[in-house]
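Participant:
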Amino acid sequence: MICTFILVVFLDQCTKIVVQEYMKLHDSIPILGDFLKLTFIKNPGAAFGIMIGNRWFFLAMSILACGVMIYYFTRLPVRETWGRFALTLIFGGAIGNLIDRILYGEVTDFIDVGLNTYRWPIFNIADMAVSIGVILLFIRLSTTNQTIPDESSSTKQEGIVHREDRPA
971 MICTFILVVF
981 LDQCTKIVVQ
991 EYMKLHDSIP
1001 ILGDFLKLTF
1011 IKNPGAAFGI
1021 MIGNRWFFLA
1031 MSILACGVMI
1041 YYFTRLPVRE
1051 TWGRFALTLI
1061 FGGAIGNLID
1071 RILYGEVTDF
1081 IDVGLNTYRW
1091 PIFNIADMAV
1101 SIGVILLFIR
1111 LSTTNQTIPD
1121 ESSSTKQEGI
1131 VHREDRPA
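Position in the sequence shown (first residue = 1) + 970 = the working numbering.
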């Protein structure tokens, strides 16, 4: 999982550095016509540009979220591969954007997807990792049987005679 974490943070930071070095703010470069473009923006708010201007709030929330993820990650069984992988993606993305918030006070976004005037909010590799991690975690949690077995069904199984069920 450490390799996944390092890869997410590395790709996120490298792509942001390339965008910052070779593009001017608000420049847009078509990659796949109008569908996929690189558009350099700075985001001082949360995902999708909401709550702009609360730098310290987002910094504190990012640090808190990272702490919560570490807490849950350390409590997951080692065999819980999908849950650990999902949390690793989320944590890597959170750290990638946290680095931006600490260094620049805002996050560099550049992946611009859409058609004509119908565009998704511009995002980055860290945002992708967080989104994919959340989706994987949701799928994992929704496919895991979280029910607590009934006490009577835990000691008796159909077709099996237990020692305490035998006549004396």
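All residues carry an ideal CB built from backbone N, CA and C; glycine is no exception.
Three or more beta-carbon pairs under 8 Å between the stretch 1042-1050 and the stretch 973-984, yes or no?
Facilitator: No: fewer than three Cβ pairs fall under 8 Å.
Participant: In the DSSP assignment, find the alpha helix (DSSP H) that holds I999 and state where it starts and stops.
Facilitator: Looking at the DSSP string, I999 is not in any alpha helix (DSSP H); the run it does join, the beta strand (DSSP E), is 998-1002.
Participant: Measure the beta-carbon distance from G1066 to Q990 and round it to whole angstroms, keeping in mind my assumption that it falls under 8 Å.
Facilitator: That pair is no contact at about 14 Å.
Participant: Do the stretch 1056-1072 and the stretch 1085-1097 meet, that is, are 3 or more Cβ pairs less than 8 Å apart?
Facilitator: yes
Participant: In whole angstroms, what is the alpha-carbon distance linking V1077 and E1050?
Facilitator: 32 Å
Participant: May I ask you to report which of helix, strand or coil DSSP gives L1008?
Facilitator: DSSP places L1008 in strand when its eight states are reduced to three.
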